[in-house]
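Residue numbers (this note's numbering), protein chains in the order written: chain B, 12 to 309; chain V, -12 to 330. Heads up, the beta-carbon is just placed ideally off N, CA and C, and yes, glycines get one too.
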Amino acid sequence: MSNISWQTLVDAAGLGAIYALMAVGIGLVFGVLRLVNFAYGQLIMAGAFALAVAAELGWPVWAGILLCFGVVIALSLVMEWVVFRPLRTQAPAVMLVATFAVAFLMQSVALLWFGAFGKIAVSLAWLNRPIAIGPVDIRAITIVAIVVAFLCLLALVLLLGRTTVGLHMRAAAMDFRTARALGVRANRVITAAVLISGALAAIVAVMLTVQNPLVNANFALRDTIIVLAGVVVGGMGRLSSATFGGFAIGFVSGFLGGALPTSQSQYLPSLLFGLVIVVLLIRPGGLFTRGRGSVERV
Amino acid sequence: MTGRAIWQLFGPVFLVALAAAIGMAVSSSIQIYVINALVAVAMVAAIYVFVGNSGVLSFGHISFVAVGAWTAGVLTVPAEERSAIMPNLFTWLLHASVGNFSSLLVAAAVGGVFALIVGVPLMRLSGLAASIATFGVLEITYNLLYFYERIGPGSSAFSSVPETTDLLQATLGAFAVIGVAFMYQHSRFGQMLRATREDPAAAQAVGISIYWQRLFAFFLSGALAGFAGGLFIHLLPLTIQDMYLPLTLLTLAMLVVGGVSSLWGAVVGAFAVSGLDSFLAVAEGGIDVGGWHVGLPSGTRIVVVSAAMALVLILRPAGLCGGREFSLDRLRRIASRMRQRRG
């Protein structure tokens, strides 16, 4: 294997790591609410704009990141309060289409506010400089992304496995009604899931702006659609399979993007989603699930 | 189909006829909005056939509209202009020409076949997973039609398509889609699919296959969407951008605002959101209010439409029509209640 393919593989793993974090953010909320948050990408977009505005105002990097976290978490909580909560008892399809509307609402508000050309978030651009490891040049952000994603997932595993609120969240994901009947407080569990999911969106916003400093209203929209497809391919039923699905689709997307010649890489979305459909044809329940998974259960 | 059921068709047909009558009365600059609304009714009724009857959301139907539009467009651009507008077209497509009416039928056929092909894997998924996976179909279609210039104009506008979708064709097209949707809904298959929507377990217990019923509805709905796409491309020169996420949002908003689970709701929603959207489009261009020239910033349309959609879902999830079909009885009851109140 030549060095270029090693490079492609590492870059693909970096993208996979970021997509895995997005998949966890979407999967956590799905677990407790049975709600697929299509507007997750717009939370990331809002965080990216916060970083760009902070950079424009000349704030130090840490203040920009703090603002990013503040904005994204505040928006997540508002979204939970205004949209998720009244819709909690509705069918999953109703909630999905509602978050689709919210996504477009946030996107078009950003378009009105910041204009079509968007802004540039430069504060962390130094992370783009390459680090030579052996014969391979790897951008620092790729390593940062992989390490951060690994640490976040580790923290999450500990949180879900070792704390009371984690136990409650797992119980709620398994059977919300029974969990409530046994004394799990619904609002607290949901708020916790939304908070963690928002924090993950902020982390993703920081890492995506390093790779792609031009922030406009469409920021992270495509990524969200790809991650959602990855979550379905992995298997929506369990957080771990959804996360693997997110990583897998990010990895494949990054790998194909790096490996294909330019004349073919314009067809990358078709190839990627074509692959998704083929995988679903073979394993409708999800790649990383046992048994029937997300096939219609009655 | 019972005699009573046919009266449910009265509401949608009346609204379309009313819109056509209004279209005849107004100036041609306003008429284009009426024609647009009628094409939107055709699209939304087509989407309703699958989404409304199955309860499974689809974000992919605009790709069937796009495929239908591309089909009808390529086949009706005058042959002598074709190589100038689409220089990279397949040779066999350079010479194949059909008339206006046939192009709509071919668009429906291609839309239906495309829906069938992608439906085979997607309909195996559970409702929610299927909904998300339909995004993939939209992405594939957008990506291919944008870059693959052997089957169309790629990223440039589809110019020189005969603009045959006038008020008459739009009205007849809307009638046709509503008619097919109504007949399907009251057919054996339609009733079976609606049973799976209401109670999947009970439906399966009486021997209904969720997979096959959903697949058939997806096919029929894809064909109708392709037909609507044909109407759309004969209306004005479009680019593939016009048949992507914003149109997906707009048509879903129409469906949801009216109420997903009835044909009456789909038609009412299509007219309501079209009206709102047209008004905002005019307002974005600037309107004169009492001597002042007021213009909304461009982009306001999507803000208002998506906010309206979210609000309806939060406050009245069953939509304006509450998921019920049009009924003369209810109209009569409401009228008598009002009379009592007055008396």
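DSSP, reduced to helix, strand and coil, places residue 279 of chain V within a strand of the structure shown. Those residues of the segment 214 to 229 of chain B placed with their C-beta closer than 8 Å to a C-beta in chain V do not exist. Leaving aside the five residues that flank residue 176 of chain B on each side, the residues in its chain whose CB is nearer than 6 Å to its CB run, in chain order, 203. For residue 65 of chain V, there are no C-beta contacts with chain B under 8 Å, since the nearest C-beta of that chain is about 30 Å from it.
Neighbours of residue 236 of chain B in chain V, taken as residues at a C-beta separation under 7 Å, are given in chain order as 122, 126. Distance from the Cα of residue 139 of chain B is smallest, within the candidate group B/83, B/22, B/277, B/58, for B/22. If the five residues before and after residue 119 of chain B are omitted, its C-beta is found closer than 8 Å to the C-beta atoms of 228, all from its own chain and listed in chain order.
Residue 150 of chain B is bridged by DSSP to B/141. Counting along the chain, the unbroken alpha helix (DSSP H) around residue 234 of chain V starts and ends at 232 to 245.
For residue 285 of chain B, the closest Cβ of chain V is nearer than 9 Å.
Between residue 85 of chain V and residue 112 of chain V, the gap from beta carbon to beta carbon reaches 9 Å or more.
Counting along the chain, residue 179 of chain B sits inside the alpha helix (DSSP H) bounded by residues 175 to 185. One finds 300, 304 in chain V with Cβ atoms closer than 7 Å to the Cβ of residue 105 of chain B, taken in chain order. Judged by DSSP secondary structure, residue 145 of chain V falls outside any alpha helix (DSSP H); it is assigned neither H nor E. The Cβ of residue 129 of chain V sits closer than 9 Å to at least one Cβ of chain B. Counting the other CB atoms within 10 Å of its CB gives residue -7 of chain V a total below 16, which places it among the exposed residues. Under a criterion of Cβ atoms nearer than 7 Å, the residues of chain B adjacent to residue 108 of chain V are, in order, 288, 291, 292. For secondary structure counted as the alpha helix (DSSP H) over 4 or more consecutive residues, the segment 248 to 293 of chain V holds these complete runs in sequence order: 250 to 272. Your pair residue 76 of chain B and residue 217 of chain B checks out as a contact, with CB atoms roughly 6 Å apart and the cut at 8 Å.
Across the segment 111 to 145 of chain B, CB contacts with chain V closer than 9 Å involve 111, 112, 113, 114, 115, 116, 117, 118, 119, 120, 122, 123, 127, in sequence order along the chain. If you look at residue 35 of chain V, you'll find it in the alpha helix (DSSP H) that goes 15 to 41.
With contacts defined as CB atoms closer than 9 Å, residue 95 of chain V and residue 225 of chain V fail to qualify as a contacting pair. Contacts between residue 240 of chain B and chain V, judged by CB atoms closer than 8 Å, involve 119, 120, 122, 123 in chain order. Listed by position along chain V, the residues whose Cβ is nearer than 7 Å to that of residue 281 of chain B are 127, 130, 131. Across the set V/315, V/264, V/299, the C-alpha of V/264 shows the shortest separation from the C-alpha of residue 20 of chain V.
At a beta-carbon threshold of 7 Å, the residues of chain B lying near residue 289 of chain V are 115, 119, ordered along the chain. Around the beta carbon of residue 185 of chain B, fewer than 16 other beta carbons sit within 10 angstroms, so the residue counts as exposed. Going by DSSP, residue 50 of chain V is part of the alpha helix (DSSP H) stretching over 48 to 63. Taking the beta carbon of residue 109 of chain B as reference, the chain V residues within 9 Å of it are 243, 296, 297, 300, 301, 304, listed in sequence order. The continuous alpha helix (DSSP H) containing residue 197 of chain V extends over residues 197 to 220. Note on geometry: alpha-carbon atoms of residue 4 of chain V and residue 300 of chain V lie some 29 Å from one another. With a minimum length of 4 residues, the unbroken runs of alpha helix (DSSP H) contained wholly in the segment 188 to 268 of chain B fall at 197 to 222, 232 to 245. For residue 0 of chain V, there are no neighbours in chain B by C-beta distance under 8 Å, as the nearest C-beta there is about 27 Å away. Going by C-alpha positions, residue 83 of chain B is about 21 Å away from residue 26 of chain B. The Cβ-Cβ distance between residue 250 of chain V and residue 172 of chain V falls below 9 Å. Only residues of its own chain outside the window of five on either side were considered, and among them 49, 50, 53 have a CB closer than 6 Å to the CB of residue 114 of chain B, listed in chain order.
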